[in-house]
Amino acid sequence: MKPSAVGLATTVVAGAVLALLPFALSSYHQGLAAQVGVYFIAILGLNILTGYSGQISIGHGAFMAIGGYTTAIMSRDHRTNLILTMLMALAICFVLGLVVGLPALRLSGVYLALATFALAVSVPQLPLKFSTFLGGSNGVQSAETVTHRWLYGASWTAAAILFVLAWLLLRGRTGRAFRAIRDSEIAATSSGVRLPIYKTLAFGVSAAYAGVAGSLYVLGTNGFAQPNEFGVLLSLQILVGAAVAGLGSLWGVLAGAAFVGLLPTISKDVPLVGSAHGQDVVFGLIVVLVMLLLPQGFAGFLARLARLRAARPASDRP
Amino acid sequence: MGLLSIENARLRFGGIVALDDVSLDVAEGTIAGLIGPNGAGKTTAFNVITRLYRLESGDVVFDGRSLRRTPPSRVVQLGIARTFQNVELFPTMTVLENVLVGAHAHARFRRESDLRRSALETLEYVGIERYAHRPATGLPFGTLKRVELARALAASPRLLLLDEPAGGLNHEEVQELGAFIRRLRDELRLTVLLVEHHMNLVMQVSDHVHVLNFGRVIASGPPAEVQRNPKVIEAYLGGDLSSAESAHPVSSAGETA
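So the sequences go chain by chain: B and L. Residues in the first sequence are numbered from 1 upward in steps of one, following my numbering. Residues in the second sequence are numbered from 1001 upward in steps of one, following my numbering.
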């Protein structure tokens, strides 16, 4: 990713639109836009892991659950400031991500996918096992709830900060090391890239992002952390979002987040097939279509546009 | 003792002996050729030096220090960089980015712009600066080999391991390559260990040649002497090459790994 004038302009425009948007939206739509912000953060995190370092995860819903429960429990038991609970979710999930990243060093491809999938299946079951502390199937209710506008501001501010942090992390030596590992582990090692360090780091950072997303996700459901909310489907949605975004690019993330954040709502209103159960069918069909038409995701689409534009003046050159 | 010594190295893959009590020495500031029929253990020797393979017994000593406990990612920091027989580049990254990864080990406290400038200089030195912003894929094989060379040089090594650098080059380019390898020794004060099938090139540039066959060192000495060695002539001409290859399936699989 090159820091270009186009990129800067896009950032400024996107920032301005996001800042002014709440004044134009109803409370309901503010909530929806906040939800897109939450997906943005989670997909951004998964993109660092899967897109950059090449390690797949179908278990990021588990880290979101941990982040969400952190917020709900800290608020319930200690009335901790909600922003502070997000930072705690970030820290806890970073450490847990490192811990998960260690055994993941021995796995790759389908095996890593399955191992992380197991995480997505098992972590939401923990509240049922430890029901006194984690509230069982009833969930945990935070002491405070927030308005849609607050949530919108918090999620997009967090998204912006985390986006900049991701950019700083990925633009230089570390980002190159991640991508080198994805492309060729042998060549990366021989170039002095320490695989265990970078692979676990990618897991930690990625999980930390999911933790913050989970924290905001719970605030978006009226501060109610429930096992059902963090099922396998959530993990899959984030993976779908990352695929739509296009792996290994930060810019496509916005498209991926809008896709998984808004499409279920939009597809509900599709005539004939819409309604309660039809929406999943519509969602699935559109996912298949997008994958067929944009196999490289939205990022690949942008890259193709850039190439087309670059090709025109190049043909004039001798 | 030289800059690099392999001492009584032994390594088996299953029942096949890939390296059988191999000892060789590379003196600082020289170009050493490592030759032998297919499957003789040349690339295996490289993988042993760079710690991708672990020796069963014996040792690799670089600059007076044993590499037995060195993790593979530390090898380049100690001053050993390599290229690969079948090219191991980072295909989704640009040529320049590939070279920047080569500088990874000593890039921690340097400015990005600084790193880019020296990476471009390295590309220029190797003669492929015009490809800097092209993806490191889809270029001619000889160019990709040079990208690898640039990446290895970006690590500022003391010892450079070149695995068949002449692969995919025509006669003229091989001549240029020979001159270039000598420049590496004379200008950059590099020590070079060269695995190559192109016999003319090896004999022209090497100060010293080691010959491997079936995992054993069968000859070692100046090029002219090695060329006259009956055992070497036997290994190359007398032996049935195709059976020599099939006798070492694992080690030749290792060569592409």
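Using N, Cα and C, we set each Cβ at its ideal position, and we do this for glycine too.
Non-local beta-carbon contacts of ARG1189(L) in its own chain, meaning distances under 7 angstroms to residues more than five positions away in sequence, involve GLY1029 in chain order. Nearest Cα to ALA1105(L) within the set ALA188(B), HIS78(B), GLY241(B): ALA188(B). Cβ contact annotation for MET1203(L) (same chain, cutoff 6 angstroms, sequence separation greater than five): PRO1223, in chain order. Inside the stretch 1002-1061 of chain L, DSSP marks whole alpha helix (DSSP H) runs of 4 or more residues at positions 1042-1049, from first to last along the chain.
TYR52(B) and GLY45(B) have their C-alpha atoms some 10 angstroms from each other. When Cβ-Cβ separations below 7 angstroms define contact, ALA14(B) makes no contact with chain L. When Cβ-Cβ separations below 7 angstroms define contact, SER184(B) makes contact with chain L. For SER1023(L), the closest of GLY1221(L), ASN1229(L), VAL1217(L), GLU1225(L) by C-alpha to C-alpha distance is VAL1217(L). Residue environment analysis places GLU1196(L) among the buried positions, since at least 16 neighbouring C-beta atoms fall within 10 angstroms of its C-beta. Pairwise C-beta distances place the stretch 129-142 of chain B in contact with the stretch 57-77 of chain B, as three or more of them are shorter than 8 angstroms.
The alpha-carbon separation between VAL260(B) and VAL240(B) amounts to approximately 7 angstroms. Assigned with DSSP and collapsed to three states, ALA1103(L) falls in coil, not helix or strand.
In the assembly as shown, LEU1161(L) is a buried residue. Its beta-carbon has 16 or more other beta-carbons within 10 Å.
Contact between THR1094(L) and ARG1151(L) is absent: CB atoms are separated by about 12 angstroms, not below the 8 angstroms threshold. CA-CA distance, GLY1079(L) to ALA120(B), rounds to 44 angstroms. Residue pairing for ARG1082(L): DSSP places it in a beta bridge opposite LEU1161(L). Contact of ALA303(B) with chain L is not assigned, every C-beta pair being separated by 7 angstroms or more.
In the DSSP annotation of this structure, the continuous segment of the beta strand (DSSP E) that includes VAL1217(L) starts and ends at 1216-1221.
Secondary structure at THR1092(L): coil, using DSSP grouped into helix, strand and coil. Residues ARG1082, LEU1161, ASP1163, VAL1195 of the same chain have their beta carbon placed closer than 7 angstroms to that of PHE1046(L), with the five preceding and five following residues left out of the count. Only PRO1072, SER1073, VAL1076, GLN1077 from the stretch 1053-1081 of chain L bring a Cβ to less than 7 angstroms from some Cβ of chain B. Around GLY300(B), the same chain offers GLY246 as residues with beta carbons nearer than 6 angstroms, after the five sequence neighbours per side are excluded.
Of the residues LEU102(B), SER122(B), MET88(B), SER249(B), the one whose Cα lies closest to the Cα of ILE197(B) is LEU102(B).
Against chain B, the beta carbon of PRO1230(L) has no neighbour under 8 angstroms; the closest one sits roughly 37 angstroms away. THR1122(L) sits buried, since 16 or more C-beta atoms from the chains shown fall within 10 Å of its C-beta.
In this structure, the straight-line span from the alpha carbon of SER1005(L) to that of THR1044(L) is close to 15 angstroms.
Looking at the DSSP output, SER1066(L) bridges to VAL1061(L). According to DSSP, ASN1213(L) shares a beta bridge with ARG1216(L). The criterion of a C-beta distance shorter than 7 angstroms is satisfied by LEU1003(L) and VAL1026(L).
Annotation: LEU49(B) is outside any alpha helix (DSSP H) and is labelled neither H nor E by DSSP. Per DSSP, VAL6(B) is one residue of the alpha helix (DSSP H) stretching across 5-24. The alpha-carbon separation between TRP156(B) and GLY37(B) amounts to approximately 5 angstroms. Under a criterion of Cβ atoms nearer than 7 angstroms, the residues of chain L adjacent to GLY172(B) are, in order, GLU1112. The beta carbon of GLU1088(L) falls within 7 angstroms of a beta carbon belonging to chain B, placing the residue at that interface.
In this chain, the alpha helix (DSSP H) harbouring VAL205(B) covers 195-220. Taking a Cβ-Cβ threshold of 8 angstroms, the residues of chain L close to VAL193(B) are SER1073, VAL1101, HIS1104, in chain order.
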